[in-house]
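Inspection log for the structure reproduced underneath, given as structure tokens.
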Amino acid sequence: ATIINVDVLVSWNFKHIVNFNRIRQFNSINILEGYKELEIRTPQEVLDE
């Protein structure tokens, strides 16, 4: 998702993907490597917008 420049990643995987601490880790690495931050949401969050 990072390399192909996805704006939002949608997942039900709360344990490994849609997890606040994991999202912070993913985005820290993205920034260090020169990529933009990735928005990671649940399907419900996307539908509610």
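If you want the numbering used here, it's the position in the sequence shown, counting the first as 1, plus 17. Think of the CB as a built atom: it goes at the ideal place given N, C-alpha and C, for glycine as much as any other residue.
| said: Can you give me the C-alpha to C-alpha distance between residue 43 and residue 49, rounded to a whole angstrom? | reply: 10 Å
| Straight-line Cα distance separating residue 20 from residue 29 | 21 Å
| query | Can you give the Cα-Cα distance for residue 53 and residue 62, rounded to whole angstroms? | reply | 21 Å
| residue 40 (DSSP reduced to helix, strand or coil) | helix
| For residue 64, the three-state DSSP class (helix, strand or coil) | helix
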